[in-house]
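Written below as structure tokens is the structure these notes are about.
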Amino acid sequence: MKAKKYLRLLFPAVAALALAACSNEDPVSSSASLSATEDAAESLASALGADNGGAIDQVSDVIELAGTGGLQKPAEDDPVTGTWTLLLQRERGNPNGVPYAEISRTYTYQFLNQNGQPQKYWRVGADTAYTIVFNIVEGTGTHRTRRLSQQLTGLSGTFTATGVNTRLVTINGTYARSAVDTITTRNAVRTLDHALSLTFTNVQGPRGSRLDLSRKISGTVSGTYTAKVTFQRGDSYRETNINRTFTIVLGNGKASINVGGQSFAGDLTSGELQ
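Heads up: the sequence shown begins at 4 in this note's numbering, then just goes up one per residue.
Laid out in structure tokens, this is it:
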């Protein structure tokens, strides 16, 4: 009887040990997955940041076109199609410090009247454009924040801005970006060679001054993020290929990022996680 009682007690203990062993053999533990997801969120926040030349910077450029001042940069127009082409270059911050951004973008854009026909400027006589069709043809650049440095390798996008004759501009469209990020946190340094695609849904911002515009933008961004990870120092997680879907809610100067089932908060101006 004692032997049977001993066996009844032994079997659950053995099963528990076996389960623990299987868990230890899992190539991606739950804590490791969280770290990889946090890196994805760090990249996403950076890709949005206005000061970094991220997507919010381009959204701000679209909104700034909806006014008599425009972007105040030299552009060339095609009188046949009514399309403008603009090469834009910016430098922000300290070249020898943090934060810093060097930005080069090529845009094309078109002002459309209430009938959907091109007009040369946002305002022609008494007629104000109703829509702006805005394309990001290409982009290059680098930027640095406290935890991340980035080399941009590819950029494209198409935005349609409606209501550009009203107080509030609404932007819908798609945006694709690829880059190599180097992230330094928790005694680990890793590079993420990544690509992301974003869909902008009813992203809105007020016409007028660009001052603090990133704090006045609202809307939703969703998409996918993929990255190949290489550790230069340390080894905080085991994933070498990250694949995540995400949804981002914009508002009050923040990006509420839900990626891989985890929630993070990013700053739309600095492009850093909070």
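We treat Cβ as the ideally placed atom computed from N, Cα and C, and that holds for glycine.
In the structure shown, what three-state DSSP assignment does residue 236 receive?
Along the sequence shown, one-based indexing puts residue 236 at 233. In the structure shown, residue 236 sits in a strand (DSSP, three-state: E or B).
According to the neighbour-count rule (16 or more other Cβ atoms, all chains shown, within 10 Å of its Cβ), is residue 214 buried or exposed?
Along the sequence shown, one-based indexing puts residue 214 at 211. Flag for residue 214 reads exposed.
If you follow the alpha helix (DSSP H) that residue 275 is in, where does it begin and where does it stop?
Residue 275 sits at position 272 when you count from the first residue of the sequence shown. It is not in any alpha helix (DSSP H) - residue 275 carries neither H nor E in the DSSP assignment.
I'd like the list of long-range same chain contacts for residue 189, defined as Cβ closer than 7 angstroms, with 5 residues on each side in sequence excluded.
Numbered from its first residue, the sequence shown carries residue 189 at position 186. Closer than 7 angstroms at the Cβ level, and outside the excluded window around residue 189, lie 239.
Can you name the start and end residues of the beta strand (DSSP E) that residue 68 belongs to?
The count along the sequence shown starts at 1 and reaches residue 68 at position 65. No beta strand (DSSP E) holds residue 68; the alpha helix (DSSP H) holding it covers 58–68.
I need the DSSP call for residue 188, collapsed to helix, strand or coil.
The residue given as residue 188 occupies position 185 in the sequence shown. Residue 188: strand per DSSP, three-state reduction.
Would the segment 142–154 count as touching the segment 118–125 if we require 3 or more Cβ pairs under 8 angstroms?
No: the two stretches stay apart, fewer than three of their Cβ pairs being nearer than 8 angstroms.
Leaving aside the five residues before and after residue 103 along the sequence, list all residues of the same chain whose C-beta is less than 6 angstroms from its C-beta, in chain order.
The residue you call residue 103 lines up with position 100 of the sequence shown. Answer for residue 103: 96, 97, 147, listed in chain order.
Does the CB of residue 169 have a neighbour CB from chain B at under 8 angstroms?
In the structure shown, chain B does not exist; there is a single protein chain.
Report the residue from 235, 91, 204, 210 whose alpha carbon sits nearest the alpha carbon of residue 225.
The residue labelled residue 225 in the question sits at position 222 within the sequence shown. Answer by Cα proximity: 204.
Would you call residue 83 buried or exposed, if buried means 16 or more other Cβ atoms sit within 10 Å of its Cβ?
The count along the sequence shown starts at 1 and reaches residue 83 at position 80. It is exposed - the Cβ of residue 83 has fewer than 16 other Cβ atoms within 10 Å.
Within 10 Å of its beta-carbon, does residue 75 have 16 or more other beta-carbons around it, so buried, or fewer, so exposed?
Residue numbering aside, residue 75 sits at position 72 when the sequence shown is read from its first letter. Classification of residue 75: exposed, given that the 10 Å Cβ count is below 16.
Can you list, in chain order, the residues of its chain whose CB lies under 6 angstroms from that of residue 91, leaving out five sequence neighbours each side?
Looking up residue 91 in the sequence shown gives position 88. Counting only Cβ-Cβ distances below 6 angstroms, and skipping sequence neighbours, we find 76, 108.
May I have the straight-line CA-CA distance separating residue 276 from residue 208, to the nearest angstrom?
Against the sequence shown, residue 276 aligns to sequence position 273. Against the sequence shown, residue 208 aligns to sequence position 205. Computed Cα separation, rounded: 22 angstroms.
For residue 260 and residue 48, which I take to be in contact (beta-carbon distance under 8 angstroms), what is that distance rounded to the nearest angstrom?
Within the sequence shown, the letter at position 257 stands for residue 260. Within the sequence shown, the letter at position 45 stands for residue 48. That belief holds up - the Cβ atoms of residue 260 and residue 48 are roughly 7 angstroms apart, short of 8 angstroms.
Apart from the five residues just before and just after residue 253, which ones in its own chain have a Cβ nearer than 6 angstroms to its Cβ?
Within the sequence shown, numbered from 1, the residue matching residue 253 stands at position 250. Closer than 6 angstroms at Cβ, skipping near neighbours: 220, 221, 222.
What is the rounded straight-line gap between the Cα of residue 232 and the Cα of residue 161?
Numbered from its first residue, the sequence shown carries residue 232 at position 229. Numbered from its first residue, the sequence shown carries residue 161 at position 158. Rounded to the nearest angstrom, the two C-alpha atoms are 29 angstroms apart.
Can you tell me which of 153, 167, 157, 66 puts its alpha carbon nearest to the alpha carbon of residue 116?
Position 113 of the sequence shown, counted from the first residue, corresponds to residue 116. Residue 167 is the option with its Cα nearest to residue 116.
Who are residue 97's beta bridge partners in DSSP?
Indexing the sequence shown from 1 puts residue 97 at position 94. Residue 97 pairs with nothing; no bridge assigned.
Measure the Cβ-Cβ separation of residue 113 and residue 136 and say whether it is below 8 angstroms.
Within the sequence shown, residue 113 is the residue found at index 110, counting from 1. Within the sequence shown, residue 136 is the residue found at index 133, counting from 1. Yes. Within cutoff.
Decide if residue 268 is buried, meaning its Cβ has at least 16 other Cβ atoms within 10 Å, or exposed.
Locating residue 268 in the sequence shown gives position 265, counting from the first residue. When all chains shown are included, residue 268 counts as exposed.
Give every residue of the same chain whose Cβ lies closer than 7 angstroms to the Cβ of residue 78, excluding the five residues on either side of it in the sequence, and list them in chain order.
On the sequence shown, position 75 is the one that residue 78 refers to. Here the set comprises 87, 88, 89.
What number of angstroms, rounded off, separates the C-alpha of residue 72 from the C-alpha of residue 80?
Along the sequence shown, one-based indexing puts residue 72 at 69. Along the sequence shown, one-based indexing puts residue 80 at 77. Roughly 16 angstroms separates the two Cα atoms.
Find out if the Cβ-Cβ distance for the pair residue 229, residue 246 is shorter than 8 angstroms.
Along the sequence shown, one-based indexing puts residue 229 at 226. Along the sequence shown, one-based indexing puts residue 246 at 243. In contact: residue 229 and residue 246 (Cβ atoms closer than 8 angstroms).
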